[in-house]
Amino acid sequence: MYERNIMIKNTSGIHARPAAQLVRLAEQFKSEFIISYDTVECDPKSIFSLLSADLHTGLTVTIRGKGEDEKEAVDSLCNFIDHMEE
Amino acid sequence: MILKGIVASPGKSLGKALCVRALSETDTNGKSGVSREETALNIRRAIDETSKELEGLSQRLLEEGKNMKSEIVGVQNFMLKDRMFQDAVHREVEAGYSAEASVQRGIDTQCRKIQTTANSFLKERIEDIHDVGSRIVCHIRGIKYPDLSDLSEVSVLVADEIPPSLLANTDSKYVKGILLSKSSKTSHVAILATNMGIPMLVGCRGLGSITEGQTVYLDAVSGEVHTDLTQQGKVRAEAEIESYREKQNFLKKYIQKESVTADGTRVYVYANLMDARRVDSLTRIGMDGVGLFRTEFLYMNREELPSEEEQFSVFRNAVKQLKGFPLTIRTMDIGGDKKVRSISIPKEANPFLGFRAIRICLARPQLILDQLRAALRASAYGPVRVMFPMISSVDEVDKCLKLLEKAKESLRKQDIRFDEKTPVGIMVEIPAAALVADKLAKKVDFFSIGSNDLIQYTLAADRTNEKVADIYSGFHPAVLKLIGMTITAAEKAGKGCALCGEMGADPLAVPLLLGLGLRRFSVNPSSILMVRHLIAQCDISKAHALSEAALSAENTGQVKKMACGFVSEEYRKWL
Chain A
248 MYERNIMIKN TSGIHARPAA QLVRLAEQFK SEFIISYDTV ECDPKSIFSL
298 LSADLHTGLT VTIRGKGEDE KEAVDSLCNF IDHMEE
Chain B
13 MILKGIVASP GKSLGKALCV RALSETDTNG KSGVSREETA LNIRRAIDET
63 SKELEGLSQR LLEEGKNMKS EIVGVQNFML KDRMFQDAVH REVEAGYSAE
113 ASVQRGIDTQ CRKIQTTANS FLKERIEDIH DVGSRIVCHI RGIKYPDLSD
163 LSEVSVLVAD EIPPSLLANT DSKYVKGILL SKSSKTSHVA ILATNMGIPM
213 LVGCRGLGSI TEGQTVYLDA VSGEVHTDLT QQGKVRAEAE IESYREKQNF
263 LKKYIQKESV TADGTRVYVY ANLMDARRVD SLTRIGMDGV GLFRTEFLYM
313 NREELPSEEE QFSVFRNAVK QLKGFPLTIR TMDIGGDKKV RSISIPKEAN
363 PFLGFRAIRI CLARPQLILD QLRAALRASA YGPVRVMFPM ISSVDEVDKC
413 LKLLEKAKES LRKQDIRFDE KTPVGIMVEI PAAALVADKL AKKVDFFSIG
463 SNDLIQYTLA ADRTNEKVAD IYSGFHPAVL KLIGMTITAA EKAGKGCALC
513 GEMGADPLAV PLLLGLGLRR FSVNPSSILM VRHLIAQCDI SKAHALSEAA
563 LSAENTGQVK KMACGFVSEE YRKWL
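In order, the protein sequences belong to chains A and B. As numbered in this note's numbering, residues 248 to 333 make up the first sequence, in order. As numbered in this note's numbering, residues 13 to 587 make up the second sequence, in order.
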């Protein structure tokens with residue numbers, strides 16, 4: 248298992264379009280993930296899960312990955328969130 | 013072939029038929045009649061087909077440079093394949109629900125989850141999620157999904173009925189006409205079409221004979237649809253469209269003119285409106301204000317109620333654009349044929365006689381308090397008038413006034429500015445209200461006669477039922493009597509009285525209404541110039557003699573005949 252914390256900085260958070268991009272990215276990896284904050288947990292391979300988790304701006308979330316490509320995968324997800332615009 | 017229908021929104025157009033089969037609602041409790049494996053297989057097939065459809069649509073939108081729309085469709089494709097959604101659907105299948113019901117339940121579950129987040133960016137996506145569900149259900153049923161958001165050529169929609177939401181999401185540049193076999197001219201779709209300036213016929217028989225892609229000529233003035241057009245027929249249709257356009261051009265001389273009768277009496281012509289975005293075009297033609305600002309649309313196509321803040325910003329925006337002309341805000345008129353998801357109304361045997369409009373508001377005061385606070389706050393930016401619909405008694409008015417005072421008091425406490433003297437009025441649309449109009453006039457500042465409902469309640473003829481369409485008529489002497497009583501009661505109390513139903517824009521009714529003493533008409537924006545022209549043709553004293561005679565007529569037919577005989581040759585062109 249590998250995990251990292253990352254802050255959501257773009258103004259509108261992970262809304263529909265970035266969520267779809269995130270799913271597309273997550274699906275490229277074999278690992279399974281959990282994105283969490285407070286008591287909320289969601290699955291970045293599911294757009295509905297991402298959307299109902301309400302990942303808004305200013306939030307620091309933990310991304311946990313488990314699988315053969317976990318490190319590369321988590322880093323790549325963090326990198327995506329870090330570079331989200333709009 | 014010529015098909016006939018009832019004009020619900022005037023205009024003429026030529027275009028290709030686009031047959032739309034609107035979706036009937038899915039029964040979310042429907043149980044499956046086949047094995048679970050088969051149901052699951054059905055759903056998988058429908059999802060695959062929907063996915064292909066969305067991929068194709070997304071690609072095409074991209075090629076057309078509609079990047080934003082394309083991306084949204086792309087997001088929908090992700091929703092379709094979503095594992096959480098598919099798991100949810102699978103659970104419903106296991107519980108024995110039908111393919112349709114399982115998909116719909118799965119969709120509803122996802123919507124509910126997103127609904128609980130506070131994120132407004134996401135709430136805007138709820139419609140997209142419902143749209144995904146509808147697409148899958150269509151594939152399960154084996155029918156074509158009615159997608160109007162993505163048209164690329166001038167079309168005339170052909171359907172039994174369409175939900176207002178379908179039209180609201182439409183690119184009006186391409187929809188040049190609507191033909192419905194059901195619906196009525198006072199339905200919400202009709203109001204929407206009129207506001208969008210799209211010619212529309214309802215209650216149209218024989219629409220089944222129209223084939224997809226066939227060129228049809230829609231004459232939503234005479235109420236006819238011409239199909240099987242020859243080359244000659246097309247030329248003739250184009251000529252007619254042109255002549256209609258000329259008539260509209262003729263009316264341009266009334267732009268920015270006050271309405272005055274032939275003998276110099278000033279008459280006010282207000283606009284009926286439901287969308288602040290249309291104020292712009294109104295101020296261009298000039299009007300005396302908005303006589304009816306509908307607020308139901310703030311509640312449509314969404315799961316949650318509109319907040320006070322949201323309503324305030326809509327009202328303020330309209331008030332500001334009106335630049336000093338009054339905005340008459342009617343509190344919500346939901347119920348009857350207008351349903352919204354955020355206010356649940358149990359199934360009723362007679363919705364038009366049931367839990368509707370002010371009756372809902374008085375039972376759930378917070379609904380109307382939000383509206384009243386929003387309206388009052390807007391009054392700080394320009395003249396606002398507040399109007400309560402569906403009033404049947406003095407008691408109801410008292411309750412409404414009490415709630416208004418409560419709204420005012422709460423604003424005062426918070427030091428929020430508003431106009432203390434905001435005029436308050438009621439709709440007179442229930443015969444009982446017309447009969448006690450003298451008592452009601454003492455309580456409020458103005459009346460507005462809602463002729464659509466007044467006619468239907470007086471004659472006990474459902475305005476959405478085409479079978480009784482010939483009974484439903486404002487020319488019935490009983491209806492005229494009630495209208496006359498209302499106007500007289502307002503006049504005696506020194507209060508204003510307007511009429512905001514379809515009748516006000518019916519050329520044959522204009523002289524009768526003037527004769528009955530009406531000086532304030534509130535009509536659809538597309539009719540303002542015509543009504544101004546018609547008023548200019550009428551002489552008040554002669555009109556009064558006409559209405560006196562009409563009041564003692566025996567029936568609708570006699571009244572119509574009298575009115576026809578009354579108007580001039582030139583006037584008849586507009587009938």
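Even glycine gets a Cβ: it sits at the ideal position worked out from N, Cα and C.
Since residue i meets chain B, which of its residues come closer than 9 Å, beta carbon to beta carbon?
| i | result |
| --- | --- |
| Arg264 of chain A | Glu83, Ile84, Gly86, Val87 |
Going along the chain, which residues of its own chain have a beta-carbon closer than 7 Å to the beta-carbon of residue i, five neighbours each way excluded?
| i | result |
| --- | --- |
| Gly225 of chain B | Lys28, Ala29 |
| Ala266 of chain A | Ile294, Leu297, Leu298 |
| Val149 of chain B | Leu35, Thr38, Glu112, Val115, Gln116 |
Taking all protein chains shown into account, decide if residue i is buried (16 or more other Cβ within 10 angstroms of its Cβ) or exposed.
| i | result |
| --- | --- |
| Ile126 of chain B | buried |
| Glu566 of chain B | exposed |
| His330 of chain A | exposed |
| Cys216 of chain B | buried |
| Pro358 of chain B | exposed |
| Val46 of chain B | exposed |
| Val302 of chain B | buried |
| Asp410 of chain B | exposed |
| Ala390 of chain B | buried |
| Cys576 of chain B | exposed |
| Lys264 of chain B | exposed |
| Ser164 of chain B | exposed |
| Lys277 of chain A | exposed |
| Val247 of chain B | exposed |
| Phe90 of chain B | buried |
| Arg124 of chain B | exposed |
| Ser146 of chain B | buried |
| Gln243 of chain B | exposed |
I want to verify the contact list: residues of chain B whose CB lies under 8 Å from the CB of residue i, in sequence order.
| i | result |
| --- | --- |
| Lys292 of chain A | Arg95 |
| Phe280 of chain A | Result: empty, since nearest Cβ-Cβ is about 12 Å, beyond 8 Å. |
Kindly list, in the order they appear in chain B, the residues whose Cβ is closer than 7 Å to that of residue i.
| i | result |
| --- | --- |
| Val270 of chain A | Phe90 |
| Ala267 of chain A | Gly86, Val87, Phe90 |
To the nearest angstrom, how far is it from the Cα of residue i to the Cα of residue j?
| i | j | result |
| --- | --- | --- |
| Leu413 of chain B | Ala419 of chain B | 10 Å |
| Phe295 of chain A | Ser70 of chain B | 20 Å |
| Gly209 of chain B | Ile403 of chain B | 31 Å |
| Ile138 of chain B | Arg314 of chain B | 8 Å |
| Ala205 of chain B | Ser21 of chain B | 6 Å |
| Ile190 of chain B | Gly245 of chain B | 20 Å |
| Arg211 of chain B | Val170 of chain B | The sequence as given places Pro at residue 211 of chain B; Arg does not occur at that position. So the two alpha carbons sit approximately 12 Å from each other. |
| Asn464 of chain B | Leu511 of chain B | 10 Å |
| Arg57 of chain B | Glu67 of chain B | 15 Å |
| Thr309 of chain A | Ser325 of chain B | 38 Å |
| Lys585 of chain B | Cys550 of chain B | 14 Å |
| Gly305 of chain A | Met254 of chain A | 6 Å |
| Glu288 of chain A | Val270 of chain A | 15 Å |
| Lys479 of chain B | Glu76 of chain B | 45 Å |
| Lys451 of chain B | Ser255 of chain B | 49 Å |
If the cut is a Cβ gap below 7 Å, which residues of chain A does residue i touch?
| i | result |
| --- | --- |
| Thr129 of chain B | Ser299, Asp301 |
| Ile126 of chain B | Leu298, Ser299 |
List, in chain order, every chain A residue whose beta-carbon is nearer than 9 Å to that of residue i.
| i | result |
| --- | --- |
| Arg137 of chain B | His262, Ala263, Leu298 |
| Ile641 of chain B | The structure shown does not extend to residue 641 of chain B, since chain B is modelled only from 13 through 587, so no value can be given for it. |
Are the C-beta of residue i and some C-beta of chain B separated by less than 8 Å?
| i | result |
| --- | --- |
| Phe276 of chain A | no |
| Phe327 of chain A | no |
Going along the chain, which residues of its own chain have a beta-carbon closer than 6 Å to the beta-carbon of residue i, five neighbours each way excluded?
| i | result |
| --- | --- |
| Arg429 of chain B | Ala392 |
| Met13 of chain B | Thr239, Asp240 |
| Gln333 of chain B | Val291 |
At 8 Å on the CB atoms, spell out the chain A contacts of residue i, in chain order.
| i | result |
| --- | --- |
| Gln71 of chain B | What Gln71 of chain B touches in chain A: nothing, since even the nearest Cβ is about 16 Å away. |
| Gln268 of chain B | The contacting residues do not exist; Gln268 of chain B stays about 43 Å from chain A at best. |
Using beta carbons (cut-off 8 Å, strictly below), is residue i in contact with chain A?
| i | result |
| --- | --- |
| Gln122 of chain B | yes |
Only counting the same chain, and skipping five residues up and downstream in sequence, which positions put a Cβ closer than 8 Å to that of residue i?
| i | result |
| --- | --- |
| Leu492 of chain B | Gly486, Leu524, Leu528, Ser559, Ala562, Leu563, Val571 |
| Ser553 of chain B | Asp275 |
| Arg117 of chain B | Thr40, Ala100, Val101, Glu104, Tyr109 |
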